[in-house]
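Per the working numbering, the sequence shown starts with residue 51, numbered consecutively.
C-beta: ideal position from N, C-alpha, C; glycine also.
Please read these numbers as outputs of a predicted model, since none were measured by experiment.
So the structure is just underneath, and the comments pick up after that.
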Amino acid sequence: RRRLHLAWHQGARLREVVEVKANGSVSTEKISRRQLLKSSGLRLRDTRSVDPSLWLMNSMPSLLVREQAILLNLGSLRAIAMHERVLIFNYNSPGGKVFLELLRPRLNPRNINGGPAMPFQLEVVEAALLSRIQRLERRLMHVEPRVAALLEVLPNRLTGDVLEQLRLSKQSLVELGSRAGDLKQMLIDLLEDPHEIRRICIMGRNCTLDKVSDDMECAVPLEKQVAEEEEEEIEMLLENYLQRCESCHGQAERLLDSAREMEDSIAVNLSSRRLEVSRVELLLQVGTFCVAVGALIAGIFGMNLKSYLENNTWAFWATTGGIAVG
């Protein structure tokens, strides 16, 4: 009974989302998980990929295509795109804000014939990918000059502040390269699965996919032609963003390799300095030992005991010369 009560409470819990419709209108509303599943035709396990409360479990970027919706999980952007609207969960996050800024100007564009240039769900997918890649490129543009400046002053200027800046820059590059690599892998997996791309194209149309041959079957031949053209556009679109993501990932990896090589050079430089210090310490220890031996001999002759050498004038100079030679 407790489990049923908890499941009912989680399904009835309201979430505040931003709804953007195809005509460009934006509104904020509260929706429960049960209402979301009913309106989008999704299953409960599908919504886990975009649930902000499960960000530790679904931190990897993903783009899931279902019959009536596309689930987008691109870092801080979590959204569900449907035929005529898109629901943005964490709209106050940096990814949600950039996505809204890019999506609203793209709505309701017209082509030469007066019809919509691209379907709404494709505009949503492109705006989401563009917002994510632009954020990665901005971070790279912010880190790159800082790393270049550090590589110029190192290893000649080994101070605590410079080494701390190098460590922070290296940490930023590792995080940036990881995020760009995950996004690149997601795009590669999507391009290698033509079934998912076809499902995006037939969304909102009277078309189905043959489970055996994976061919489109549309009630109207014109819809099939348009869907096939959109399939090529989606592939070109994904390849374009894949190239930009690959460029960002490659540049981050190159900067990270340069930072690691600089760390190795600093380590070699510090090792050579430590060897010099160790050599000086060894010389000082040898000198201290020699002086101690001389002091021992001088201490022996300084005892208040007669050795009958003190009566000879040459004994002082012979002893001093022997100590110096020793």
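Residue-level contact to chain D via CB, residue i, 8 Å cutoff
i: residue 293; result: No chain D is part of this structure, which consists of one protein chain only.
Contact set for residue i: own chain, Cβ-Cβ below 8 Å, skip 5 residues either direction
i: residue 189; result: 222 and 226
i: residue 372; result: 347
i: residue 285; result: 241 and 247
i: residue 361; result: none
i: residue 60; result: Only weak support is given to the placement of residue 60: the predicted model assigns it a pLDDT of 49, under 50, and the value that follows is read from those uncertain coordinates. Around residue 60: 83.
i: residue 93; result: 87
i: residue 319; result: 205 and 208
DSSP beta-bridge partners of residue i
i: residue 80; result: 66
i: residue 156; result: The partner list for residue 156 (beta bridge, DSSP) is empty, contrary to what the question assumes.
i: residue 267; result: 258
i: residue 137; result: 69 and 130
i: residue 115; result: 120
Beta carbon of residue i nearer than 8 Å to that of residue j
i: residue 253; j: residue 113; result: no
i: residue 197; j: residue 309; result: yes
i: residue 148; j: residue 174; result: no
i: residue 129; j: residue 230; result: no
i: residue 97; j: residue 84; result: no
i: residue 172; j: residue 280; result: yes
i: residue 70; j: residue 127; result: no
i: residue 91; j: residue 131; result: no
i: residue 234; j: residue 288; result: no
i: residue 212; j: residue 306; result: no
i: residue 122; j: residue 178; result: yes
i: residue 134; j: residue 72; result: yes
i: residue 139; j: residue 76; result: no
i: residue 176; j: residue 298; result: no
i: residue 351; j: residue 370; result: no
Sequence-distant residues of the same chain with beta carbon closer than 6 Å to residue i, five excluded per side
i: residue 315; result: 205
i: residue 216; result: 200
i: residue 151; result: none
i: residue 376; result: none
i: residue 157; result: 74
i: residue 214; result: none
i: residue 124; result: 111, 178 and 182
i: residue 64; result: 80 and 82
i: residue 68; result: 78, 138 and 141
Assumed close pair residue i, residue j - CB separation to whole angstroms, cut-off 8 Å
i: residue 111; j: residue 232; result: 5 Å
i: residue 183; j: residue 295; result: 6 Å
Residues near residue i by beta carbon distance below 7 Å, same chain, minus five either side
i: residue 246; result: 115 and 240
i: residue 219; result: 193, 196, 197, 200 and 309
i: residue 66; result: 78 and 80
i: residue 180; result: 152
i: residue 102; result: 128, 139 and 140
i: residue 244; result: none
i: residue 365; result: 359
i: residue 146; result: 126, 127, 138 and 140
i: residue 343; result: 376
At 4 residues or longer, what runs of the alpha helix (DSSP H) sit wholly inside the region 156-232? 170-203
3-residue-minimum beta strand (DSSP E) runs that sit fully inside the region 342-374, ordered along the chain: none
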